[in-house]
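Below: one structure, written as structure tokens.
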Amino acid sequence: MEERKSKKVDIDSWCGVFFEIGLVIALAVCLMAFEWKTYEKAGKTKTNQTISNFEEEIVQITKREEAPPPPKSEVPTTLINIVEDNVIIEDDILVNTEADQSTEVNTYVPPVVEKEEQTVQEEEIFTIVEEQPEFPGGEEARIKFITENIKYPQIAKENGIEGKVFITFVVEKDGSISNVRLLRDIGGGCGEEAIRVVKAMPKWKPGKQRGQAVRVQFNMPINFVLQ
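Counting in our numbering, the sequence shown runs from 11 upward without gaps.
Structure below.
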């Protein structure tokens, strides 16, 4: 009796299917091999490469300039006037060798030397004293005097110049005014007008130190205001 194989267990009938599956797997492995990528790990440094970025320094060669020699100083020459031996000199000193007790001798009179004038030293000028100098009549009288006598300069009016002018002067022992100077000016002729008014002031009551009248430095502001 002839044996027959079942189609379900027949291997030969599946050979074509297995062959195709094998081809598909082989093709997929090849594609994966071509598409496979590798990456370098982070933190890994290449120590076998060195980069030199040093620029060569260019040194400029400069020519040393020698200083010019100092000018030769001219040696002053002295002219010597040679006098002959036979020249008669008129400045000889005559000595009388035959003088005796009866010979008159002129008395030597020394020349009169004028005495130098002694320099007069200025007395000390105080800035702070026990009793300050005062305008006759007080502060109100001083302001009134300046207001009535001051004349606003025309140039200052035309240019609208306003401000304070500071004057300094010395009140002498007798109350007179001296050494009037301008400390600060605002221009336009205001400083000159302030000096003129200060010089025209009457004598002040002098300042005193330890009961004695002394010279005192006094500073005065004068305000120029356009009305």
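From the three backbone atoms N, C-alpha and C, an ideal C-beta is built for every residue, glycine too.
- Taking a contact to require three or more Cβ pairs closer than 8 Å, the stretch 149-166 and the stretch 176-194 do not qualify as touching.
- In this structure, G147 sits away from F234, with a CB-CB distance that is not shorter than 8 Å.
- Here the C-alpha atom of N169 lies approximately 16 Å from the C-alpha atom of V175.
- According to DSSP, P231 shares a beta bridge with F176.
- With at least 16 other beta carbons inside 10 angstroms of its own, G198 counts as buried.
- Beta-bridge pairing by DSSP links G221 to no other residue.
- Cβ contact annotation for I153 (same chain, cutoff 6 Å, sequence separation greater than five): none.
- Distance from the Cα of E132 is smallest, within the candidate group V180, E158, E144, for V180.
- Taking the Cα of N159 as reference, the smallest distance to any Cα among K47, I205, I196 is reached at I205.
- R225 is the residue among I31, R225, M230 whose C-alpha sits nearest the C-alpha of E141.
- E150 is not a Cβ neighbour of K215, given a cutoff of 8 Å.
- For I35, the enclosing alpha helix (DSSP H) starts and ends at 25-45.
- With contacts defined by Cβ atoms closer than 8 Å, I156 and Q227 do not form a contacting pair.
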